[in-house]
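Have a look at the structure below before the remarks.
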Amino acid sequence: MKKHAIIPVFIPHQGCPNNCVFCNQKAITAHRPDVTLDEVRNTIETWLSTLTGREGMETIEIAFFGGSFTGIPPEQQSAYLEIAHEYKESGRIHKIHLSTRPDYISHEILDNLKKYKVDVIELGVQSFDDGVLAASGRGHDSKCVYEACSLIKEYGFELGIQLMIGLPQDSMEKCIYSAMEAVKIGPQIARLYPTIVIEDTELMEMYRNGKYTPLTTEEAVERTKEMYRILTDAGINIIRVGLKSSDIINENGSIEGTTFHPAFRQLVEGSIARDKMEALLSENMPENVEPCWDRFVSKEVCFYSNSKWFSAMIGHKGCNKKHFETCYPGLEFKFNAIDMDDTLIGMSVAWSPDFMIK
Ligand code: SF4
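The opening position of the sequence shown corresponds to residue 487 in our numbering, with each subsequent residue numbered one higher.
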C-alpha cells in the first residue's frame, strides 16, 4: 500500500492576540523563543533520514502546525516557507501543508503562500455555530469561515477543515449542523477533535467554577460518529479523529474530565462498525429465529471487512467481538479481513449459504 508521511514542524503563534477558551499554547509558549530556521531544517532532515527510501512511500509533506501560521509576521512566514519550498523544488518532499485561523486569510496572505507553492491550508473552524464560536472565545464568526474557505478554494489550494466537538454551548444538533455545513463547502480533508479540558486554559477555570461540563468519552464518541458519517459519506478524507497524548501541550501534565481517550479514533470507527454489523445481522436474521437457534445445523455468522476496517470491526480491545458473543449466545461469530477495497463491513451467514451483503 502506498504511504503518505507528514513531517510536523510546530510553529507556535507567539503573542497570539486571541483568547480561545480551550487553548494553553499562549501560556506555554509565552516564555519560549521563536523556532529558528536551523531548527526547522534539522527537524526536516531528521525525519527525511528515516523516511527516504522507505518502500511504498508515495508522498512526503512538510506541515507547519501550531494553529495560526499566517498570523505570524509575514517575513517570518516567508523565511519558514523558503526552506519548505527549497525541499519541494529539490524533490525531497512533495507537498507543503499549514494550519491557520479563518480570520488570517486574505488575498495578500494567499498570494504569498502561492509564491512558495503551498499545497494544503487547514483552517481551525471548530464550529459553524456562532453561539459556540462566541462562547469559545474564537474571535471570529461563521461568516468569516465561509469567506476564508471560498477564497482558499478560489486560489486552488487543497482545503482542510478542523472541527471540535463539545465546546461550550455545543450540542449533538450543532455538531451535525457543523458537519453538514462543512460538506457544503467541500474540503478535501477534515479533522475531528473532541474538546479536552487542559490546565492553563480558560476552559479549566470554567470547569472548576461549574460553568462547563466536559463530554464523557461515550458522549464524545456518539457525536463524533455522526459527524464522521456525514463527512465520509460526502467523500471527505478524515485524516485525524481525536488528540494523541503528545498533541496535548501541557507542561503540568494535567487534564480534567473523561473526554480524552488515547484510542479515540478506534472507539469512533469501532462504534460505526458495530452499528453496521448490528444492522446487517437484524436485516438478515430469519424471522422469529432468536428463541430457537438450535434449528440451524450451523449457526456461523462471518463478518468481514477490508484490512483497513478490520480492527474497527473487532473493536477497541475486542469490544465488538465480545458484544456479539454476549448478545447472541446462539451464534458463532467469525471475523475476517478480505482483500476488497470497496467493502467496509460485510456479512455472510451459514443458514443461507449463497447470501452475502456488501
Ligand atoms: S488556539 Fe486560539 S488562542 Fe490558541 S494560539 Fe490558536 S488562535 Fe491563539
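For every residue, glycine included, the Cβ atom is placed at its ideal position computed from N, Cα and C.
{"Check": "Other residues of its chain near F750: CB distance less than 7 Å, five sequence neighbours each side excluded", "Outcome": "P680, V727, G728"}
{"Check": "The segment 593–607 in contact with the segment 639–646 per 3-pair CB rule at 8 Å", "Outcome": "yes"}
{"Check": "Whole-angstrom C-beta distance between P494 and A549, which should lie under 8 Å", "Outcome": "5 Å"}
{"Check": "Neighbour-count burial assignment, C813, 16 or more Cβ in a 10 Å radius", "Outcome": "exposed"}
{"Check": "Contact test: S554 Cβ vs the ligand SF4 heavy atom, cutoff 7 Å", "Outcome": "yes"}
{"Check": "R677 Cβ short of 7 Å to the ligand PLP heavy atom set", "Outcome": "With respect to small molecules bound, the structure shown includes the ligand SF4 and not the ligand PLP."}
{"Check": "Rounded separation between E525 and I725 - CA only", "Outcome": "26 Å"}
{"Check": "Chain-order list of residues whose beta-carbon lies under 8 Å from that of L523 (same chain, five-residue window excluded)", "Outcome": "A565, Y566, I569"}
{"Check": "Those residues which DSSP pairs with V787 across a bridge", "Outcome": "F819, V835"}
{"Check": "Residues that DSSP places opposite I684 in a beta bridge", "Outcome": "I741"}
{"Check": "Unbroken stretches of the alpha helix (DSSP H), 4 residues or longer, contained in the segment 529–583", "Outcome": "560–575"}
{"Check": "Under 8 Å between C-beta atoms of E764 and E786", "Outcome": "no"}
{"Check": "Opening and closing residue of the beta strand (DSSP E) in which F746 lies", "Outcome": "No beta strand (DSSP E) contains F746, which DSSP labels as neither H nor E."}
{"Check": "Cutoff 7 Å; reference H490; Cβ partners in own chain excluding five residues on either side", "Outcome": "E544, T545"}
{"Check": "Distance, V707 Cα to M716 Cα", "Outcome": "Rather than Met, the amino acid found at residue 716 in this sequence is Ile. Using only the alpha carbons, I get a separation of about 14 Å."}
{"Check": "Bounding residues of the alpha helix (DSSP H) (the contiguous stretch that carries R587)", "Outcome": "Run containing R587: none; DSSP gives neither H nor E here."}
{"Check": "Whole-angstrom C-beta distance between Q612 and Q648, which should lie under 8 Å", "Outcome": "7 Å"}
{"Check": "Selection from K697, E769, Y632 that minimises the alpha carbon distance to V683", "Outcome": "K697"}
{"Check": "For A759, the nearest candidate out of E769, S740, G743, S791 (CA to CA)", "Outcome": "S791"}
{"Check": "Under 8 Å between C-beta atoms of V630 and D589", "Outcome": "For the record, residue 630 in the displayed sequence is Cys; it is not Val. Result yes, Cβ atoms of C630 and D589 sit closer than 8 Å."}
{"Check": "C630 Cβ short of 7 Å to the ligand SF4 heavy atom set", "Outcome": "no"}
{"Check": "Coil, strand or helix - A765 by DSSP", "Outcome": "helix"}
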